[in-house]
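Just below is one structure, and these are the notes that go with it.
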Amino acid sequence: MPDLRRYLPVLEWGRTYDRSALSNDMIAAVIVTIMLIPQSLAYALLAGLPPEAGIYASIAPIILYAIFGTSRALAVGPVAVVSLLTASAIGQVAEQGTAGYAVAALTLAILSGGFLLLLGVLRLGFLANFLSHPVIAGFITASGILIATSQLKHILGISAHGHTLPEMVTALLASLNEVNLITMLIGVLAVTFLFWVRKGLKPFLKRLGASPMVADIATKAGPVGAVVVTTLAVWGFGLDASGVKIVGEVPQSLPPLTMPGLSGELVQALLVPAILISVIGFVESVSVAQTLAAKKRQRIDPNQELIGLGAANIGAAFTGGYPVTGGFSRSVVNFDAGAETPAAGAYTAVGLAIAAVALTPLVYYLPKATLAATIIVAVLSLIDLSILKKTWGYARADFIAVVATILLTLGLGVEVGVASGVIVSILLHLHKTSRPHVAEVGRVPGSEHFRNIYRHKVETDPSLVTLRVDESLYFVNARFLEELIQKRVTEGCEIRNVVLMFSAVNDVDFSALESLEAVNQRLSDMGVGLHLSEVKGPVMDRLKRAHLINDLNGQVFLSQYDAWLALNQLRSECPGDTAAE
Numbered sequence: 079m080p081d082l083r084r085y086l087p088v089l090e091w092g093r094t095y096d097r098s099a100l101s102n103d104m105i106a107a108v109i110v111t112i113m114l115i116p117q118s119l120a121y122a123l124l125a126g127l128p129p130e131a132g133i134y135a136s137i138a139p140i141i142l143y144a145i146f147g148t149s150r151a152l153a154v155g156p157v158a159v160v161s162l163l164t165a166s167a168i169g170q171v172a173e174q175g176t177a178g179y180a181v182a183a184l185t186l187a188i189l190s191g192g193f194l195l196l197l198g199v200l201r202l203g204f205l206a207n208f209l210s211h212p213v214i215a216g217f218i219t220a221s222g223i224l225i226a227t228s229q230l231k232h233i234l235g236i237s238a239h240g241h242t243l244p245e246m247v248t249a250l251l252a253s254l255n256e257v258n259l260i261t262m263l264i265g266v267l268a269v270t271f272l273f274w275v276r277k278g279l280k281p282f283l284k285r286l287g288a289s290p291m292v293a294d295i296a297t298k299a300g301p302v303g304a305v306v307v308t309t310l311a312v313w314g315f316g317l318d319a320s321g322v323k324i325v326g327e328v329p330q331s332l333p334p335l336t337m338p339g340l341s342g343e344l345v346q347a348l349l350v351p352a353i354l355i356s357v358i359g360f361v362e363s364v365s366v367a368q369t370l371a372a373k374k375r376q377r378i379d380p381n382q383e384l385i386g387l388g389a390a391n392i393g394a395a396f397t398g399g400y401p402v403t404g405g406f407s408r409s410v411v412n413f414d415a416g417a418e419t420p421a422a423g424a425y426t427a428v429g430l431a432i433a434a435v436a437l438t439p440l441v442y443y444l445p446k447a448t449l450a451a452t453i454i455v456a457v458l459s460l461i462d463l464s465i466l467k468k469t470w471g472y473a474r475a476d477f478i479a480v481v482a483t484i485l486l487t488l489g490l491g492v493e494v495g496v497a498s499g500v501i502v503s504i505l506l507h508l509h510k511t512s513r514p515h516v517a518e519v520g521r522v523p524g525s526e527h528f529r530n531i532y533r534h535k536v537e538t539d540p541s542l543v544t545l546r547v548d549e550s551l552y553f554v555n556a557r558f559l560e561e562l563i564q565k566r567v568t569e570g571c572e573i574r575n576v577v578l579m580f581s582a583v584n585d586v587d588f589s590a591l592e593s594l595e596a597v598n599q600r601l602s603d604m605g606v607g608l609h610l611s612e613v614k615g616p617v618m619d620r621l622k623r624a625h626l627i628n629d630l631n632g633q634v635f636l637s638q639y640d641a642w643l644a645l646n647q648l649r650s651e652c653p654g655d656t657a658a659e
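Numbering (the numbering used here), first residue to last: 79 to 659.
If you want it as structure tokens, here you go:
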């Protein structure tokens with residue numbers, strides 16, 4: 079059943095599942111479940127949905143990913159960036175709090191799932207590579223700032239809206255006279271406590287003699303502690319009567335069977351946002367999955383990951399959820415807790431299902447300020463401004479891409495930020511490949527090696543020019559190479575032969591082929607031979623099919639050294655026949 083196991087990885091790891099794996103997966107599931115209960119509620123709040131939507135989006139999707147996904151540690155569910163993108167997308171087609179808003183979220187989930195599934199079946203996972211890491215880092219950093227800012231209204235107990243940073247800041251400043259001091263006190267204390275839990279609780283417990291496992295579980299359960307204490311405070315002192323906004327009634331049930339809306343107008347409005355959400359979610363998920371898999375010398379299949387995430391999103395669409403992906407923090411917790419197989423996710427889903435049935439009445443008095451504090455502390459780890467310094471020192475083009483993505487996301491909103499990130503990534507790629515590195519090379523004395531004449535002391539022959547092309551040739555850079563050769567052969571010295579060293583050329587498209595044919599004809603008219611060396615087999619096959627090799631006015635050499643022996647004349651008609659720099 080090799081083909082079936084390819085599409086159902088559960089059949090692969092399920093064959094060797096044993097008691098040890100069961101024990102480790104159960105422990106990991108308990109820890110992740112404790113962490114996910116407040117986190118799921120909080121991310122639903124961020125998406126503008128009822129709190130139960132966060133729990134629903136963490137049950138069926140996790141089980142489906144466990145069946146179809148290839149990562150042993152990835153934990154699927156609502157995440158901060160996707161929740162923000164969801165709120166931005168459906169906020170344009172429906173009003174928050176209405177039935178239409180919830181239906182739009184379901185539609186967004188099924189469109190995202192369908193797109194991911196299609197990419198996976200067609201094995202198009204490589205398309206996500208068009209989003210460069212600097213652009214992704216810039217977008218996630220900007221999203222973290224937007225998310226944290228958007229939650230300040232819940233910390234302060236005021237009404238403020240907006241999708242961009244200027245809109246949010248303006249709305250917050252305009253509503254400062256409405257601040258609820260009790261809500262602000264709860265929010266500030268919750269943020270302070272959660273920061274201390276993240277950084278200081280584990281060392282504190284270890285100093286008290288607690289075992290590493292106990293200290294780790296207590297740290298992961300920190301947000302639950304904040305939820306319990308603030309909920310009891312609101313209930314015990316009747317703070318909701320003083321204006322503290324609470325979660326209120328949450329349905330006490332398993333995820334319901336829901337139907338997304340598939341009207342032409344709604345689908346058209348949400349299709350592009352769904353694609354953007356899918357791409358961002360997939361890139362984030364695969365990055366986490368590959369990082370964790372490498373630590374255990376395991377591998378994941380990106381195309382199968384598309385299928386797994388697609389199935390998870392479709393599951394969310396039919397069980398009252400909204401778009402999901404693999405989360406960084408929960409996946410790391412899952413990995414550190416000892417999860418050995420995707421079954422840990424399935425057990426987590428069971429734990430959340432129990433919570434949905436038995437524990438939801440307990441969060442009635444949970445203040446929204448506490449959930450906002452949970453989100454703020456979680457997303458601040460996403461903000462990585464060091465990427466600005468790194469890219470400035472390494473590559474200015476990448477720095478410009480990061481800055482542009484951050485400013486556009488903050489100033490114009492997340493959808494524009496994602497779209498601009500994709501465009502900037504593609505433009506950056508086209509810019510880099512449109513001017514490929516082409517080095518003029520000479521022979522290292524006493525060897526068969528050839529190096530850049532401006533970097534090494536090499537032997538050259540003024541009648542022979544060898545250009546090493548360090549990039550595949552296609553329509554974007556074909557004219558660049560053509561013009562470069564023309565410029566070089568018209569310089570002062572009499573050049574009799576030009577050799578194009580193709581050791582780094584993996585492909586030549588039709589536009590580049592036509593440019594090579596034009597170069598061949600032009601050099602032939604000038605009495606200059608055009609030769610190729612070190613051409614790779616697949617490239618040679620294509621060039622032969624196009625008759626370029628038959629029409630070449632020179633030769634094709636197996637190695638550059640062969641070309642040197644055959645064409646080198648070491649007679650100089652110009653001063654300085656050796657490059658010494």
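Beta carbons: idealized from backbone N, C-alpha and C, even for Gly. The structure presented is a predicted model; accordingly, all values stated were derived computationally and were not measured.
Q. What are the boundary residues of the alpha helix (DSSP H) that F282 is part of?
A. 280-285
Q. Can you list, in chain order, the residues of its chain whose CB lies under 6 Å from that of K231, leaving out five sequence neighbours each side?
A. A238
Q | Span separating the alpha-carbon of G147 from that of A367 | A | 10 Å
Q: Check whether the Cβ atoms of S118 and P129 lie closer than 9 Å to each other.
A: yes
Q: Could you tell me the distance, in whole angstroms, from the CA atom of V257 to the CA atom of L195?
A: 46 Å
Q. In angstroms, rounded to a whole number, what distance separates the CA positions of V410 and I453?
A. 17 Å
**Q.** Given P420 as reference, the closest of A371, K284, V441 once Cα atoms are compared
**A.** A371
Q: Flag this pair as yes or no: are the beta carbons of L556 and E592 separated by less than 9 Å?
A: Here residue 556 is Ala; the residue named in the question, Leu, does not match the sequence. Yes, the Cβ-Cβ distance between A556 and E592 is below 9 Å.
Q) On the three-state DSSP scale, how would you describe L466? A) helix
(Q) For W642, tell me which candidate among D619, V543, L127 has the shortest Cα-Cα distance. (A) V543
Q) Does DSSP put F580 in a helix, a strand or coil? A) coil
Q.
With a threshold of 6 Å on Cβ separation, who are the neighbours of G632 within its own chain once the five nearest residues in sequence on each side are excluded?
A. G607, L608, H609
Q.
Applying the 10 Å Cβ sphere with the 16-neighbour rule, what's the burial state of K277?
A. exposed
Q) Any contact of the region 432-439 with the region 306-318, i.e. 3+ C-beta pairs under 8 Å? A) no
Q: Pick helix, strand or coil for E659, following the three-state DSSP scheme.
A: Unreliable positioning characterises E659 in this predicted model, as indicated by a pLDDT of 33, which lies under 50. A coordinate reading is not provided.
Q: Over the uninterrupted beta strand (DSSP E) stretch that includes P430, give me the two end residues.
A: Note on residue identity: the sequence assigns Leu, not Pro, to residue 430. Where L430 is concerned, there is no enclosing beta strand (DSSP E), although the alpha helix (DSSP H) it sits in stretches over 421-436.
Q | Collapsed DSSP secondary structure at F396 in the structure displayed | A | coil
Q. For D603, does the count of other Cβ atoms within 10 angstroms reach 16, so buried, or fall short, so exposed?
A. exposed
Q) For K446, which of S512, Y121, V364 has the nearest alpha-carbon? A) Y121
Q) Exposed or buried, R408, counting other C-beta atoms within 10 Å across all chains shown (16 or more means buried)? A) buried
Q) When DSSP labels each residue in this structure, what does I378 get in the three-state scheme? A) coil
**Q.** CA-to-CA distance, Y639 to S589, given in whole angstroms
**A.** 29 Å
Q.
If we require 4 or more residues per run, which alpha helix (DSSP H) segments fall completely within the region 469-532?
A. 474-490, 492-512
Q.
Let me check one thing: in DSSP terms, what residues is I324 bridge-paired to?
A. P445
Q) Is it the case that the Cβ atoms of A347 and I140 are separated by a distance below 9 Å? A) no
Q) Whose C-beta lies closer than 6 Å to the C-beta of R649 among residues of the same chain, with five residues either side of it excluded? A) For R649, the predicted structure reports a pLDDT of 42, less than 50, and the residue's modelled location is therefore unreliable. The matter cannot be settled from this model.
Q | Residues near A479 in its chain [Cβ-Cβ closer than 6 Å; skip 5 each side] | A | P212, V213, V502, L506
Q. Where does V199 land, buried or exposed, given buried means 16+ other C-beta within 10 angstroms?
A. exposed
Q | Where L545 sits in the DSSP three-state scheme | A | strand
Q) Hey, A153 and L460: beta-carbon distance below 9 Å or not? A) no
(Q) Cutting at 6 Å between CB atoms, please list the residues of its own chain near G287, excluding the five before and the five after it. (A) none
Q) Which residue's Cα is closest to the Cα of L626: G605, E612, V586? A) V586
Q: Please state whether DSSP places F635 in a helix, a strand or coil.
A: strand
Q) Taking E343 as the reference, which of A182, S101, T568, L384 has the closest Cα? A) A182
Q.
Quick check: L250 and T270, are their CB atoms within less than 9 Å of each other?
A. no
Q: Throw me the rounded Cβ distance for the L707 and G155 pair, which I believe falls under 8 Å.
A: Only positions 79 to 659 of the chain appear in the structure, and residue 707 is not among them; the question remains open.
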